[in-house]
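Chain order of the listed sequences is A and B.
Sequential numbering from 14 applies to the first sequence in the working numbering.
Sequential numbering from 2 applies to the second sequence in the working numbering.
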Amino acid sequence: MPIVFVHGVNNRMGSEYRDNEVARNAYIRAIVGPALGLQPADVKIFNPYWGDEGARPYRDGASMPEEKGETFGGDEDAEVLAAAQTAEVVSANPLKAEGVAESARVDFAHTVELVFAAAMAGATTDEEADALAELYLRAAAYARDNPAPAWLDQASDGNFSDMLLSELEEEEDEEEEFGPGDWLDQLKEGVNRLLNAPADIATDTLLGATRKKINSTASLFIGDVFTYLENRGDGANPGKIVQIVLKALRDAAAAKTASDNKLIVIAHSFGGEIVYDITTHFDPAIEIDVLITVGSQVGLFEELSLFKVSATPPPVAKVQRPNGIKRWINVYDTNDPFSYVVMPVFEGTSDFHYDTGFSALQAHGGYFLQPSFYQRLAARLTQP
Amino acid sequence: MTILFETGAPVAPATHVLVIGVGHYRHLLKGSGLVGAGPPAEKPLGLKQLSSPSVSAQKVAEWFLTPHMAGAPGFENAVCPLGSIDVLISAHQPVTINTPTGPKAVEPALRQSIQAAFDTWLARLTADAGSVGVLYFCGHGLSDGKDDYLLAEDFGASKNQPWNNAFDISSTFLAIEREVKGSVYFLVDACRDVSKTWRATLAGNPVALVPIDTGKDVVCRSKSRISAVGVGRKAFAPENDVSRFTDALLTALSGCCGVKRPGQATWNVDGQILAAAILEILAHGNKTAKASQFSAQDISGEQIPLVRSSTIPQVKVDVDLTPAAMQAVANFSLRSATHGNFDHDGSKGAFRTSAPRGMYELHAFPKNAQFATVVMSQEELVPPIYTHTITAAP
Numbered sequence: 014m015p016i017v018f019v020h021g022v023n024n025r026m027g028s029e030y031r032d033n034e035v036a037r038n039a040y041i042r043a044i045v046g047p048a049l050g051l052q053p054a055d056v057k058i059f060n061p062y063w064g065d066e067g068a069r070p071y072r073d074g075a076s077m078p079e080e081k082g083e084t085f086g087g088d089e090d091a092e093v094l095a096a097a098q099t100a101e102v103v104s105a106n107p108l109k110a111e112g113v114a115e116s117a118r119v120d121f122a123h124t125v126e127l128v129f130a131a132a133m134a135g136a137t138t139d140e141e142a143d144a145l146a147e148l149y150l151r152a153a154a155y156a157r158d159n160p161a162p163a164w165l166d167q168a169s170d171g172n173f174s175d176m177l178l179s180e181l182e183e184e185e186d187e188e189e190e191f192g193p194g195d196w197l198d199q200l201k202e203g204v205n206r207l208l209n210a211p212a213d214i215a216t217d218t219l220l221g222a223t224r225k226k227i228n229s230t231a232s233l234f235i236g237d238v239f240t241y242l243e244n245r246g247d248g249a250n251p252g253k254i255v256q257i258v259l260k261a262l263r264d265a266a267a268a269k270t271a272s273d274n275k276l277i278v279i280a281h282s283f284g285g286e287i288v289y290d291i292t293t294h295f296d297p298a299i300e301i302d303v304l305i306t307v308g309s310q311v312g313l314f315e316e317l318s319l320f321k322v323s324a325t326p327p328p329v330a331k332v333q334r335p336n337g338i339k340r341w342i343n344v345y346d347t348n349d350p351f352s353y354v355v356m357p358v359f360e361g362t363s364d365f366h367y368d369t370g371f372s373a374l375q376a377h378g379g380y381f382l383q384p385s386f387y388q389r390l391a392a393r394l395t396q397p
Numbered sequence: 002m003t004i005l006f007e008t009g010a011p012v013a014p015a016t017h018v019l020v021i022g023v024g025h026y027r028h029l030l031k032g033s034g035l036v037g038a039g040p041p042a043e044k045p046l047g048l049k050q051l052s053s054p055s056v057s058a059q060k061v062a063e064w065f066l067t068p069h070m071a072g073a074p075g076f077e078n079a080v081c082p083l084g085s086i087d088v089l090i091s092a093h094q095p096v097t098i099n100t101p102t103g104p105k106a107v108e109p110a111l112r113q114s115i116q117a118a119f120d121t122w123l124a125r126l127t128a129d130a131g132s133v134g135v136l137y138f139c140g141h142g143l144s145d146g147k148d149d150y151l152l153a154e155d156f157g158a159s160k161n162q163p164w165n166n167a168f169d170i171s172s173t174f175l176a177i178e179r180e181v182k183g184s185v186y187f188l189v190d191a192c193r194d195v196s197k198t199w200r201a202t203l204a205g206n207p208v209a210l211v212p213i214d215t216g217k218d219v220v221c222r223s224k225s226r227i228s229a230v231g232v233g234r235k236a237f238a239p240e241n242d243v244s245r246f247t248d249a250l251l252t253a254l255s256g257c258c259g260v261k262r263p264g265q266a267t268w269n270v271d272g273q274i275l276a277a278a279i280l281e282i283l284a285h286g287n288k289t290a291k292a293s294q295f296s297a298q299d300i301s302g303e304q305i306p307l308v309r310s311s312t313i314p315q316v317k318v319d320v321d322l323t324p325a326a327m328q329a330v331a332n333f334s335l336r337s338a339t340h341g342n343f344d345h346d347g348s349k350g351a352f353r354t355s356a357p358r359g360m361y362e363l364h365a366f367p368k369n370a371q372f373a374t375v376v377m378s379q380e381e382l383v384p385p386i387y388t389h390t391i392t393a394a395p
């Protein structure tokens, strides 16, 4: 089942984009794929990247009111990014007590969620991310079935990962190993990031990162939207961003087989507007079995009559769901100022609230950082 | 320590064996509820209880002891006969080993006990320049990328010294060449995974069983360290059974390797020959294993044998036929003027047997003209394994 992920504004190629893609792909393969009846290895994911065609401030963002002289040299440092991402997750969903082990004794499932989110923040390869996503599934199921396992009484921050991992090992293993299990180091790094997160939040680097991110998000949001609207072209001459996303949608549609015949599209933020424009103007013939818009503004843009297909004067009744989209699920978080609902604007759509727990300034990017988001999404997809 | 065997003649060329097997780790994972379990280690490194090391270590000890028990094949070296065997085994159940003087309960492999046994072993070994020492370990191990460490039963007892009760086997191996004039074999059946947690801890590494005294000259005539795996790799074992490496080791030592040097009366097994045989046996086993395992070796010095066998080495034969449908209608035969014929009916599966080292004719012929007879006239069976797939043509 081909799945296309269309990113939103403010995505530029770099460590953060690559690591996020690696983690997201792993969660989709491990959690969403099986919910749709696919083996993880059989899930085909298409990630059209259009960030290079977005806004390019010609003075490199010099107009942003950023503290001059501030360096952000760690921008490409994987561990700095992982710590920053963990700090964001922890600030939105703190541990339930001081320390990971103590938090687990209060709320085991919540702590497991945080440990894996923090571990996944450091994943840089598909192998690592896939293994963590698969382990997360087992850990989440274990925590659900064992909300207060006896071993937690003796667990400390130092050995929590070891103990948890030893419980997750598959019983069918016929051989024992004279050494540690796989992926322990990654879980331990996740625990360490959680333990260091309160301190990290206060560091200059992360404060700088947050400031820069807020400025950058707002600036590039506006910039990317203007750039898209200015350059999207029309059906005869589609703009470059449209071409990139359209090609991925067509490639994914072509990848369908008789036994794997559904096309799923996940569109984050402004990616939703691009997909809507494509399915209503640039290629209405394209068939999407399920469109999932996340933190998107499609409803607002239609209200503002900004789509190619938007009627003038505006319609009195709700707008029909595009013919090529068989099912449309929209996920929003009321904390996310850039997310909007669609049901009041479009017929045949469903809105679902997902609480990222993030603050208003962080929620927009928070959906895909939390493994539980993918579980909720998978559960929703399996419902008619 | 538990002395299973001792000749009582302290100064004479002899083979001194120290066998250590650790499956019960009182502070590691999944140990709670077991007899002798202690509080969990602060940094258990993901290491759990093991069932194979006690079985493997016992088998190794018994192999060295066998000739002194029932006269069955086992350790054989007339030049450097068995001088002593000390054993330490940590298992989840008490371990008893039959010895020439009756059954003996084996002491657990605590770090302090390992040190005491090593000290005794080293003293015996240094008493005669012609002696051969064997140190066998089976249990948890890990690496910092440069040096390897082996874990005693009480590893993880101290919260503030998390790596206490392990020892540095790499440095011990380096130290020994300045202490022992004879020959030394380190046979290490443990993982060599590189632990980030271990590496992230500074100034906490465990020490060697004997320090490297650089004031002394290198005097060791021969030293061999054969490890179950290379650095960064894992060693495997079936539960409650002999590990893959130890099984390959015992197979190789039990007549599946050896070279007859010009003018010598025995088939000798030195470090190079043993290491090559173990690697080949493991590689053969990898064909059907879930995960591959390849041994590694560090061998230098003279070719001083560990085993001097009076019998010609055996070769494990594994021959099959393709296409597979022809297998059932084929007969196989290995023919040697010296060693006789070995015949096999293909309907019983692949041709698997054991034959003495040498030159053979290998025949595969049909029961009823289903394919053209295949004759391979100059096949050399070299220990430890001869494996071949014959292609049958109509």
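Glycine included, C-beta positions come from ideal geometry on N, C-alpha and C.
Check, Outcome
"Within chain A, the residues that residue 142 of chain B reaches when beta carbons sit closer than 9 Å", "191, 192"
"Separation of residue 348 of chain B from residue 147 of chain B, as counted between CA atoms", "51 Å"
"Through-space distance from residue 320 of chain A to residue 249 of chain A, alpha-carbon basis", "16 Å"
"Residue from B:393, B:3, B:269 whose Cα sits closest to the Cα of residue 88 of chain B", "B:3"
"Where residue 206 of chain A falls: helix, strand or coil (DSSP)", "helix"
"Helix, strand or coil at residue 85 of chain A [DSSP, three-state]", "Only weak support is given to the placement of residue 85 of chain A: the predicted model assigns it a pLDDT of 38, under 50, and the value that follows is read from those uncertain coordinates. In this structure, residue 85 of chain A counts as coil in the three-state DSSP scheme."
"Backbone CA spacing between residue 181 of chain B and residue 282 of chain B [nearest angstrom]", "30 Å"
"Of the residues A:263, A:328, A:327, the one placed nearest residue 337 of chain A, counting alpha carbons only", "A:263"
"Supposed close pair residue 21 of chain B, residue 110 of chain B - CB separation, criterion 8 Å", "5 Å"
"C-alpha gap between residue 99 of chain B and residue 54 of chain B, whole angstroms", "18 Å"
"Residue 112 of chain B and residue 58 of chain B closer than 7 Å at C-beta", "no"
"Any C-beta of chain A under 7 Å from that of residue 238 of chain B", "yes"
"Closest Cα partner of residue 26 of chain B within the set B:198, B:306, B:42, B:334", "B:42"
"Cβ-Cβ distance between residue 391 of chain B and residue 322 of chain B below 7 Å", "yes"
"Helix, strand or coil at residue 320 of chain A according to DSSP, with G and I counted as helix", "coil"
"Residue 134 of chain B - containing beta strand (DSSP E), residue span", "133-139"
"Segment contact, 8 Å Cβ cut-off, at least three pairs: the region 142-159 of chain A with the region 33-40 of chain A", "yes"
"Proximity to residue 326 of chain B [Cα-Cα], best of B:83, B:318, B:394, B:207", "B:394"
"Short-range partners of chain A found in the region 183-210 of chain B, where Cβ spacing is below 8 Å", "190, 191, 192, 193, 194, 196, 197, 198"
"Unbroken alpha helix (DSSP H) run spanning residue 285 of chain B, endpoints", "272-287"
"Chain A contact for residue 46 of chain B (CB, 7 Å cutoff)", "yes"
"Under 7 Å between C-beta atoms of residue 285 of chain A and residue 258 of chain A", "no"
"Residue(s) in a DSSP beta bridge with residue 167 of chain A", "According to DSSP, residue 167 of chain A bridges with nothing at all."
"Cross-chain neighbours of residue 41 of chain B in chain A, by beta carbon under 9 Å", "164, 167, 168, 169, 172, 175, 176"
"Three or more C-beta pairs below 8 Å linking the region 112-132 of chain B and the region 59-68 of chain B", "no"
"Proximity of residue 19 of chain B and residue 106 of chain B at Cβ, strictly below 7 Å", "no"
"Local conformation of residue 378 of chain A per DSSP, three classes", "helix"
"Minimum Cβ-Cβ distance from residue 116 of chain A to chain B less than 7 Å", "no"
"Host beta strand (DSSP E) of residue 366 of chain A (start-end)", "362-366"
"Local conformation of residue 151 of chain A per DSSP, three classes", "helix"
"Rounded separation between residue 266 of chain B and residue 180 of chain A - CA only", "56 Å"
"Contacting residues, own chain, Cβ-Cβ under 8 Å from residue 297 of chain A (five flanking each side not counted)", "335, 336, 337"
"The region 205-214 of chain B touching the region 245-254 of chain B, judged by at least three CB pairs closer than 8 Å", "no"
"Minimum Cβ-Cβ distance from residue 141 of chain A to chain B less than 7 Å", "no"
"Closer than 7 Å to chain B by CB, residue 89 of chain A", "With a pLDDT of only 48 at residue 89 of chain A, under the threshold of 50, the placement of this residue in the model should not be trusted; the figure read from the coordinates follows. With 7 Å as the cut-off, residue 89 of chain A does not count as an interface residue toward chain B."
"Proximal residues to residue 217 of chain A (C-beta, below 8 Å), its chain only, five neighbours per side dropped", "Residue placement at residue 217 of chain A cannot be trusted, given a pLDDT of 47 that sits under 50; the coordinates are not used to answer."
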